[in-house]
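K.L.:
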Amino acid sequence: MSYRDQILLPISQDNPVGEKLLEDTLLDFIESQIMKVGSLSHAEVQWDEIEKSTVKLLETKTKDLKLLTYLLQCLQHKTTPERFSLSIQILTDFMGAYWQTCYPAPGDRGLLPRRKFFSQIASRSMQAAEKLDVAMFNSELKEELDKAVAALKTASETLSLPLDHIEAMEASLKRKFAFLTEKKAATQANKAKNEGSSQAQGESAAKIEIDGSSDRAVKQTLLKVSDFLSELDDSDALVLRLRRFAVWQSIKALPEVDAKGQTQLMPVAPDRIREYEEQLQRGADLALWRKVEQSLTVSPFWFDGHYLSYRIASKLNKEEGAQAIQSELLNFVKRLPKLLDCSFKSGIPFAGEETKKWLSSVEEQASNQSAMSVGWDDKRKEAFSLSKEGGLSVALGMLNEGLKQSKEPRDSLYWRMLSADTLKQNKLAAMAVEQYETLLTQVQDMSVSDWEPSLVQRLERVVKQG
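Each residue of the sequence shown is one higher than the one before, counting from -1 in our numbering.
1. Specify, as a first and last residue, the run of the alpha helix (DSSP H) that Lys336 falls within.
2. With distances taken Cα to Cα, identify the nearest neighbour of Val15 among Tyr96, Thr67, Lys34 and Leu157.
3. What's the C-alpha gap between Leu55 and Gly373?
4. Classify Pro268 as helix, strand or coil using the three-state DSSP reduction.
5. Buried or exposed: which applies to Val61, given that a residue is buried once 16 or more other Cβ atoms fall within 10 Å of its Cβ?
6. Look up Tyr101 in the DSSP assignment and give the residues it is bridged to.
7. What is the C-beta distance between Phe115 and Thr67, in whole angstroms, given that I count them as a contact (C-beta under 8 Å)?
8. To which residues of the same chain is Val147 closer than 8 Å at the C-beta, ignoring the five residues directly before and after it?
9. Roughly how many angstroms lie between the CA atoms of Gly319 and Lys313, to the nearest whole one?
10. Residues in the same chain with beta-carbon distance under 7 Å from Lys316, minus the five sequence neighbours each way, listed in chain order, please.
11. Spell out a yes or no on whether the region 297 to 313 and the region 260 to 276 are touching, meaning 3 or more CB-CB pairs, one atom from each, closer than 8 Å.
12. Measure the alpha-carbon distance for Ile119 versus Leu70 and round it to whole angstroms.
13. Quick check: Phe92 and Ile28, are their CB atoms within less than 8 Å of each other?
14. Write down the C-beta distance between Ser224 and Leu143 rounded to the nearest angstrom, noting that I regard them as a contact closer than 8 Å.
15. Quick check on DSSP: helix, strand or coil for Lys18?
16. Which runs of the alpha helix (DSSP H) spanning at least 4 residues fall entirely within the region 423 to 447, listed in chain order?
17. Spatial neighbours of His290 within its chain, please: C-beta separation below 7 Å, excluding the five flanking residues on both sides.
18. Between which two residues does the alpha helix (DSSP H) harbouring Asn303 extend?
19. From the DSSP secondary-structure annotation, give me the bridge partner or partners of Gln260.
20. Give every residue of the same chain whose Cβ lies closer than 6 Å to the Cβ of Lys422, excluding the five residues on either side of it in the sequence, and list them in chain order.
21. From this set, Lys129, Ser212, Ser37 and Gly259, which residue's C-alpha is nearest Ser344's C-alpha?
22. Straight-line CA distance for Leu384 to Glu399?
23. Going by DSSP in three states, Pro79 sits in which element: helix, strand or coil?
24. If you compare alpha carbons, which of Val237, Ala244, Ser228 and Leu236 is closest to Lys217?
25. Would you mind reading off the limits of the alpha helix (DSSP H) that contains Arg112?
26. If you drop the 5 nearest sequence neighbours on each side, which residues of the same chain put their C-beta closer than 6 Å to that of Thr353?
27. Tell me the rounded alpha-carbon separation between Leu65 and Trp45.
28. When DSSP labels each residue in this structure, what does Pro8 get in the three-state scheme?
29. DSSP has Pro347 in a bridge; who is on the other side?
30. Where does Ala418 fall in DSSP's three states?
31. Please report the straight-line C-alpha distance between Arg333 and Ser391, rounded to a whole angstrom.
32. Restricting to Cα atoms, I'd like to know which of Glu229, Leu220 and Val255 is closest to Arg241.
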């Protein structure tokens, strides 16, 4: 039985949508895995198991829109043409069969929660469409996708749901397919016009052989591809990301270290680093950038070198390239954060103080933007509106999601206070007062460093810099 058939199948004849799941082992597993998405544990997410579990629950226990959201997220993760089209078809099927009766809030009271879930799904689908490699679609797959998107648009109009993300996705796919068609036509024209040149390029490209026999072979293959791409226009960011993936993709754990965090790895020669720095002072150029990038391919833990490459890129006004260097290194050290405490055999750290400041400044900026984006009054109004339209459980669910994502004790307290406000608003004053008293006790025992650790850490760094 296909996924579409499994999800369309009623839970039972008497109760097609089943029951709302409050406690379930599979549900607990799914939500524990989803919580890892986008966190430092992102690489540990068991996408296949989430997918199987959500399909099982949607088939046998409950027609829940939140579970459907998780399933579509799985289908659109590292998606293929078939799986992307399937995600759109499943959404359309579900909307036609269970939209008005599904959980978490069936009927008229669920109108607002369902719209919020739909907007989230449509936004993610639009983003997934942007990443689709349309070159993987043959004519049959393209026709199937076109039909799926058209059916989703019709279903959305029927249910009076917002079409902005759906229309943006449709327009994006049309642009991508049109560009592919034009590119193929241009390639054929150039091939006919410059047969000799095209043949030479074809012979060069043919020399890139895919070898997956070992980690080293994969690395060399990817580096060859990056060298080939570097000859194309506007490819800096892609090349820089691919090189770093080639160097780091096989590193799953820390190198062997002693009690002081010192490894047996040799650093880049100090004379060479000094030469690079002096050349940068005289003026950055592409030749210097290539030299530094070459050194980085043979010294995967020379994090100061990535900061050097970033500075060179910035001097050359290669902003996209500079951001690619910064984000790739940040993602790597998030995966293995203790690398920042390690050093080479000589005692030279993988990342000096300037490099650490550079990386931490990115995290601070992201944290500040996250904190600024939370308007507590707006969140309180949203919670009150959700509790009125979809019920108390829906509102508390939204607040719980915010609490899970909070990074500072300050934010955590605000989310919990909003939960108490919502309880009070719903005539559960005794429970609300008990929660207010607990929060008050905790706040009275808190110091500034407990309340907002990142602020104290930032001040300490500024003072040390003097």
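Don't be surprised by glycine CBs; every beta carbon is placed ideally from N, CA and C.
P.N.:
For this structure:
1. The residue you call residue 336 lines up with position 338 of the sequence shown. It is not in any alpha helix (DSSP H) - Lys336 carries neither H nor E in the DSSP assignment.
2. Taking the sequence shown and counting its residues from 1, one reaches residue 15 at position 17. For the residues Tyr96, Thr67, Lys34 and Leu157, the minimum Cα distance to Val15 belongs to Tyr96.
3. The count along the sequence shown starts at 1 and reaches residue 55 at position 57. The count along the sequence shown starts at 1 and reaches residue 373 at position 375. Straight through space, the alpha carbons of Gly373 and Leu55 are spaced by roughly 35 Å.
4. The count along the sequence shown starts at 1 and reaches residue 268 at position 270. Pro268: helix per DSSP, three-state reduction.
5. Sequence index remark: in the sequence shown, residue 61 carries index 63 (1-based). The amino acid at residue 61 is misidentified as Val; the sequence shows Lys. Classification of Lys61: buried, given that the 10 Å Cβ count is 16 or more.
6. The residue labelled residue 101 in the question sits at position 103 within the sequence shown. Note: Tyr101 sits in a beta bridge opposite Asp62.
7. Indexing the sequence shown from 1 puts residue 115 at position 117. Indexing the sequence shown from 1 puts residue 67 at position 69. Confirmed, Cβ separation roughly 6 Å.
8. Translated into positions along the sequence shown, residue 147 becomes position 149. Exclusion of the five residues before and after Val147 leaves Ile86, Ile164, Met167, Glu168 and Leu171 as the residues of its chain whose Cβ lies within less than 8 Å of its Cβ.
9. Here the question's residue 319 lines up with position 321 in the sequence shown. Here the question's residue 313 lines up with position 315 in the sequence shown. In a straight line, the C-alpha of Gly319 is about 11 Å away from that of Lys313.
10. Taking the sequence shown and counting its residues from 1, the one referred to as residue 316 is at position 318. Closer than 7 Å at Cβ, skipping near neighbours: Asp234.
11. Remark: three or more beta-carbon pairs, one from each stretch, lie closer than 8 Å, so the region 297 to 313 and the region 260 to 276 are flagged as touching.
12. Position 121 of the sequence shown, counted from the start, is the residue given in the question as residue 119. Position 72 of the sequence shown, counted from the start, is the residue given in the question as residue 70. For Ile119 and Leu70, the distance between alpha carbons rounds to 8 Å.
13. Residue 92 sits at position 94 when you count from the first residue of the sequence shown. Residue 28 sits at position 30 when you count from the first residue of the sequence shown. Cβ atoms of Phe92 and Ile28: not closer than 8 Å.
14. Along the sequence shown, read from residue 1 onward, the residue named residue 224 stands at position 226. Along the sequence shown, read from residue 1 onward, the residue named residue 143 stands at position 145. In fact, because the Cβ distance is near 31 Å, the residues do not count as touching under 8 Å.
15. On the sequence shown, residue 18 is found 20 positions in, with the first residue counted as 1. In the structure shown, Lys18 sits in coil (DSSP, three-state: anything other than H, G, I, E or B).
16. Qualifying alpha helix (DSSP H) stretches, in chain order: 427 to 442.
17. Reading the sequence shown from its first residue, position 292 is the one you call residue 290. According to the sequence displayed, residue 290 carries Val and not His. Spatial neighbours of Val290 in its own chain (CB-CB distance under 7 Å, excluding positions within 5 residues in sequence) are listed in chain order as Tyr274, Gly303, Leu306, Ser307 and Ile310.
18. Along the sequence shown, read from residue 1 onward, the residue named residue 303 stands at position 305. Before going on, a small fix: residue 303 reads as Gly here, not Asn. Phe301 to Lys313 is the extent of the alpha helix (DSSP H) around Gly303.
19. Reading the sequence shown from its first residue, position 262 is the one you call residue 260. Gln260 is bridged to Ser341.
20. The count along the sequence shown starts at 1 and reaches residue 422 at position 424. Here Lys422 has Ala430 as same chain residues with Cβ atoms under 6 Å from its own Cβ, once five neighbours each way along the sequence are excluded.
21. Your numbering for residue 344 matches position 346 in the sequence shown. Nearest to Ser344 by alpha-carbon distance, out of Lys129, Ser212, Ser37 and Gly259, is Gly259.
22. Counting from one through the sequence shown, the residue named residue 384 turns up at place 386. Counting from one through the sequence shown, the residue named residue 399 turns up at place 401. The C-alpha of Glu399 is placed about 14 Å away from the C-alpha of Leu384.
23. As a working note, residue 79 is residue 81 in the sequence shown. Three-state result, Pro79: helix.
24. As a position in the sequence shown, residue 217 is number 219, starting the count at 1. Taking only the C-alpha atoms, the option nearest Lys217 is Ala244.
25. Residue mapping note: residue 112 aligns to position 114 of the sequence shown, counting from 1. Membership of Arg112 in the alpha helix (DSSP H) is indicated by the continuous run Leu109 to Lys129.
26. The sequence position of residue 353 within the sequence shown is 355, counting from 1. Result list for Thr353: Phe301, Asp302 and Tyr305, in chain order.
27. Locating residue 65 in the sequence shown gives position 67, where the first residue counts as 1. Locating residue 45 in the sequence shown gives position 47, where the first residue counts as 1. Rounded to whole angstroms, the gap between the alpha carbons of Leu65 and Trp45 is 14 Å.
28. In the sequence shown, counting from the first residue as 1, residue 8 sits at position 10. Correct three-state label for Pro8: coil.
29. Here residue 347 is taken as the residue at index 349 of the sequence shown, counted from 1. According to DSSP, Pro347 bridges with Ser341.
30. Counting from one through the sequence shown, the residue named residue 418 turns up at place 420. Correct three-state label for Ala418: helix.
31. The sequence position of residue 333 within the sequence shown is 335, counting from 1. The sequence position of residue 391 within the sequence shown is 393, counting from 1. In a straight line, the C-alpha of Arg333 is about 35 Å away from that of Ser391.
32. Position 243 of the sequence shown, counted from the first residue, corresponds to residue 241. Of the listed residues, the one whose Cα sits closest to Arg241 is Leu220.
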